[in-house]
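A quick write-up on the structure given underneath.
Residue numbers (my numbering): 44 to 317.
See below:
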């Protein structure tokens, strides 16, 4: 008989509890090209996704597929080095399963990062954008189907999907450290195609500043679970009717890598201050 969601969560969380000495209250999901944040972590334990019961396995270049436990900014953290995407063929429950595990292990604060295409005319390639809100254009919501009250309410509010407290903290750090930090709305789409110029323009008109193929499902589930969320995008390309740029995955990765020092500085100091 197929296991239900609660049974799978319990089984996976129990496996991690047996292996990890001290469990964190902070978790980070590292997106395309941003996995190097773990280089400044004091790593204590790490697991390949393939060794964790019920975990999917990342199939995308630039996503290495490890769950890492250690210290960053003087705090105990867990980090997903590589995430799961809807376009890989996973269902939304699989894409967001790691967030369920984080919550079961006691995580209260989730940091999410991604690479995104910019529509805002003020943006430059390599900019770091704090996500202030999102527009969900995925064809399926990760909360569709049976709701388990143990995991969250049937109809969770998304009024403050991204924590105003953490956004204010990021702004204070960027001002002190003279970091160019943009703000904007992230549009989540399925991918894996990059956007047409008309789509970029459409996303801008409906209120988007950046667009990507991840993050929104995890943030929905994190809010359902009562976590505080901070999200950040690296602007890896620019699009619109007036910009006929043809982005490639390699260019996206390179732009994300260029922005890594800023990302690392910001997130490390934020964690130290939480």
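All C-beta atoms, glycine included, are put in the ideal place defined by N, C-alpha and C. It should be emphasised that the depicted structure is a prediction, and the values quoted were computed from it without experimental measurement.
CB contact flag (residue i, residue j, <7 Å)
{"i": "residue 111", "j": "residue 86", "result": "yes"}
{"i": "residue 115", "j": "residue 314", "result": "yes"}
{"i": "residue 159", "j": "residue 255", "result": "yes"}
{"i": "residue 251", "j": "residue 156", "result": "no"}
{"i": "residue 109", "j": "residue 88", "result": "no"}
{"i": "residue 92", "j": "residue 100", "result": "yes"}
{"i": "residue 205", "j": "residue 272", "result": "yes"}
{"i": "residue 302", "j": "residue 161", "result": "no"}
{"i": "residue 139", "j": "residue 260", "result": "yes"}
{"i": "residue 96", "j": "residue 55", "result": "yes"}
{"i": "residue 306", "j": "residue 227", "result": "no"}
{"i": "residue 312", "j": "residue 216", "result": "yes"}
{"i": "residue 117", "j": "residue 84", "result": "no"}
Residue i versus the options, residue with shortest Cα-Cα distance
{"i": "residue 270", "options": "49, 69 and 59", "result": "69"}
{"i": "residue 299", "options": "253, 205 and 170", "result": "170"}
{"i": "residue 184", "options": "232, 209, 280 and 215", "result": "232"}
{"i": "residue 258", "options": "135, 246, 199 and 147", "result": "135"}
{"i": "residue 192", "options": "267, 54 and 55", "result": "267"}
{"i": "residue 212", "options": "228, 182, 179 and 309", "result": "309"}
{"i": "residue 318", "options": "265, 295 and 275", "result": "Outside the displayed span of the chain (44 to 317) sits residue 318, for which this structure offers no information."}
{"i": "residue 174", "options": "265, 230 and 316", "result": "230"}
{"i": "residue 61", "options": "139, 307, 240 and 148", "result": "148"}
{"i": "residue 242", "options": "46, 305 and 180", "result": "180"}
{"i": "residue 130", "options": "182, 48, 187 and 199", "result": "182"}
{"i": "residue 200", "options": "49, 297, 125 and 176", "result": "176"}
{"i": "residue 163", "options": "195, 203, 245 and 198", "result": "245"}
{"i": "residue 126", "options": "316, 262, 293 and 304", "result": "262"}
Where residue i falls: helix, strand or coil (DSSP)
{"i": "residue 79", "result": "helix"}
{"i": "residue 47", "result": "coil"}
{"i": "residue 201", "result": "coil"}
{"i": "residue 88", "result": "strand"}
{"i": "residue 71", "result": "strand"}
{"i": "residue 63", "result": "coil"}
{"i": "residue 144", "result": "helix"}
{"i": "residue 127", "result": "coil"}
{"i": "residue 5", "result": "Coverage of the chain is limited to positions 44 through 317, which leaves residue 5 absent and any answer about it impossible."}
{"i": "residue 100", "result": "coil"}
{"i": "residue 110", "result": "strand"}
{"i": "residue 115", "result": "strand"}
{"i": "residue 314", "result": "helix"}
{"i": "residue 306", "result": "helix"}
{"i": "residue 53", "result": "helix"}
What beta strand (DSSP E) runs, 3 residues minimum, are completely inside the segment 230 to 304?
253 to 255 and 271 to 281
Counting Cβ pairs, one atom from each stretch, are 3 or more of them under 8 Å apart for the segment 221 to 230 and the segment 136 to 151?
no
Return the chain-ordered ranges of every beta strand (DSSP E) run that is complete within the segment 151 to 190 and spans a minimum of 3 residues.
152 to 161 and 171 to 179
Identify every run of the beta strand (DSSP E) within the segment 203 to 229, keeping only runs that are complete inside it and at least 3 residues long; order them along the chain.
none
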